[in-house]
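Beneath this line is the structure, given in structure tokens, with notes to follow.
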Amino acid sequence: MSASGFAEWARHFETERDRRAARPDPCWEAGASLPPAVRAGVQRFQAGEDGDSSALFAKADAAGDPEYSAALRLFVAEEKNHARLLALLLKAGGATTRAGHWSDAAFARLRRVPGLRTELLLLMVAEVVALRYYRALRDGTDDPLTSEVAGHILADEERHIPFHCAWLRASVAELPRAARRPLLAGWQVMLLGAVLVVAADHGRALRGLGVGRGRFVADVLTSGGPVVAAILGSSGTKGVLRAPRNTSGSRDVCPWGASSIRRERGM
Numbered sequence: 189m190s191a192s193g194f195a196e197w198a199r200h201f202e203t204e205r206d207r208r209a210a211r212p213d214p215c216w217e218a219g220a221s222l223p224p225a226v227r228a229g230v231q232r233f234q235a236g237e238d239g240d241s242s243a244l245f246a247k248a249d250a251a252g253d254p255e256y257s258a259a260l261r262l263f264v265a266e267e268k269n270h271a272r273l274l275a276l277l278l279k280a281g282g283a284t285t286r287a288g289h290w291s292d293a294a295f296a297r298l299r300r301v302p303g304l305r306t307e308l309l310l311l312m313v314a315e316v317v318a319l320r321y322y323r324a325l326r327d328g329t330d331d332p333l334t335s336e337v338a339g340h341i342l343a344d345e346e347r348h349i350p351f352h353c354a355w356l357r358a359s360v361a362e363l364p365r366a367a368r369r370p371l372l373a374g375w376q377v378m379l380l381g382a383v384l385v386v387a388a389d390h391g392r393a394l395r396g397l398g399v400g401r402g403r404f405v406a407d408v409l410t411s412g413g414p415v416v417a418a419i420l421g422s423s424g425t426k427g428v429l430r431a432p433r434n435t436s437g438s439r440d441v442c443p444w445g446a447s448s449i450r451r452e453r454g455m
């Protein structure tokens with residue numbers, strides 16, 4: 189499948205890469221205060237951000253759109269930077285990184301199934317859950333360094349979702365019309381399963397960040413609705429599938445972004 193518009197996405201990711209290189213890192217020397225439950229959550233997400241992407245690249249290259257492959261590699265570079273930031277945050281808090289959780293291993297096995305479309309749908313599950321987690325981490329911590337790091341990662345994740353939606357919309361459009369909604373209904377079931385696992389594993393940390401398990405699950409499931417609408421190309425969603433023109437981080441570029449929901453402490 190060849191989809192148009194990914195040269196624009198590649199330019200956008202390059203602009204963000206250059207902006208990131210010019211921006212100083214957070215002040216790690218200030219140290220971080222990471223309560224045990226929050227520290228464990230950061231360790232698990234750090235391991236998830238640092239996964240192997242070779243199979244994903246191979247599938248993207250086989251799809252035959254070099255512009256998309258280039259943009260995808262720049263996306264993965266941002267994910268690797270997230271892993272770096274989280275590792276340095278843990279170090280600033282006197283902690284170390286850890287090997288992946290059993291859920292990471294299970295997710296990695298699922299991603300081995302054939303087909304780029306299937307792998308991206310699975311990746312989107314992780315992205316949507318991560319979006320809510322990093323918002324909770326940014327808004328619910330009293331530690332300035334943790335909030336800063338989570339804010340940087342959140343700004344990237346808010347751009348990643350429309351990037352993936354753009355490719356998936358073109359891919360799903362190739363399916364028979366009758367197969368599209370059942371496919372995405374299955375995706376929502378996977379999202380439910382994933383968020384239940386995360387809520388169970390990170391319950392103590394989420395409570396410490398001001399978000400109960402039930403609310404976390406409900407927020408993630410609610411945010412899945414605009415994702416499905418964007419992939420199906422529903423009215424009002426086409427604009428969010430383009431690379432954002434505003435790369436300053438001053439506003440969200442998709443309807444499921446952080447500014448569409450009130451900040452945690454104001455609730």
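Just so you know, we're using our numbering here: the sequence shown kicks off at 189 and counts up by one.
Ideal placement from N, C-alpha and C gives every residue a C-beta, glycine not left out.
Tell me which residues share the same chain as Ser190 and place their Cβ nearer than 7 Å to its Cβ, disregarding the 5 neighbours each side in the sequence. Within the sequence shown, residue 190 is the residue found at index 2, counting from 1. In this predicted model, Ser190 has a pLDDT of only 44, less than 50, meaning its place in the structure is not dependable; the value taken from the coordinates is given anyway. Once the five neighbours on either side are set aside, the close Cβ partners of Ser190 are Gly252, Asp253.
Separation of Arg211 from Ala338, as counted between CA atoms: Residue 338 sits at position 150 when you count from the first residue of the sequence shown. Residue 211 sits at position 23 when you count from the first residue of the sequence shown. CA-to-CA, the gap between Ala338 and Arg211 works out to about 16 Å.
I'd like the span of the alpha helix (DSSP H) that includes Cys353, first residue to last. Mapped onto the sequence shown, residue 353 falls at position 165. Taken as a continuous stretch (DSSP letters only), the alpha helix (DSSP H) holding Cys353 covers 332-360.
Gly219, DSSP secondary structure in three states: Taking the first residue of the sequence shown as position 1, residue 219 is located at position 31. Residue state, collapsed to three classes: coil.
For Gly328 versus Leu379, is the C-beta spacing smaller than 9 Å? Locating residue 328 in the sequence shown gives position 140, counting from the first residue. Locating residue 379 in the sequence shown gives position 191, counting from the first residue. No, the Cβ-Cβ distance between Gly328 and Leu379 is not below 9 Å.
So, for Ser221: in the same chain, excluding its five sequence neighbours on each side, which residues have a beta-carbon less than 8 Å away from its beta-carbon? Counted from its first residue, the sequence shown places residue 221 at position 33. Around Ser221: Gly281, Asp330, Asp331, Thr334.
Assess contact between the stretch 389-409 and the stretch 223-232, defined as three or more Cβ pairs (one per stretch) separated by less than 8 Å. Is contact present? Contact holds: three or more Cβ-Cβ distances are below 8 Å.
Cβ contact (3+ pairs, closer than 8 Å) linking the stretch 309-320 and the stretch 195-210: Counting Cβ pairs under 8 Å, fewer than three are found: no touch.
Determine the closest residue to Trp375 out of Leu309, His200, Leu273, Trp197, with distance taken between C-alpha atoms. Sequence index remark: in the sequence shown, residue 375 carries index 187 (1-based). Cα-wise, what sits closest to Trp375 is Leu309.
What separation, rounded to the nearest whole angstrom, lies between the Cα atoms of Val244 and Arg305? For this step, residue 244 is matched to residue 56 along the sequence shown. For this step, residue 305 is matched to residue 117 along the sequence shown. Just to set this straight, residue 244 is Leu in the shown sequence, not Val. Taking the Cα positions, Leu244 is about 10 Å away from Arg305.
Within 9 Å, strictly: CB atoms of Val408 and Arg320: On the sequence shown, position 220 is the one that residue 408 refers to. On the sequence shown, position 132 is the one that residue 320 refers to. With respect to the 9 Å criterion, Val408 and Arg320 are classified as neighbours on the basis of their beta carbons.
Taking C-alpha atoms, which residue in Leu277, Leu262, Gly402, Ala283 lies nearest to Glu203? In the sequence shown, residue 203 corresponds to position 15, counting from 1. Checking the sequence shown, residue 203 turns out to be Thr, not Glu. Of the candidates Leu277, Leu262, Gly402, Ala283, Leu262 places its Cα closest to the Cα of Thr203.
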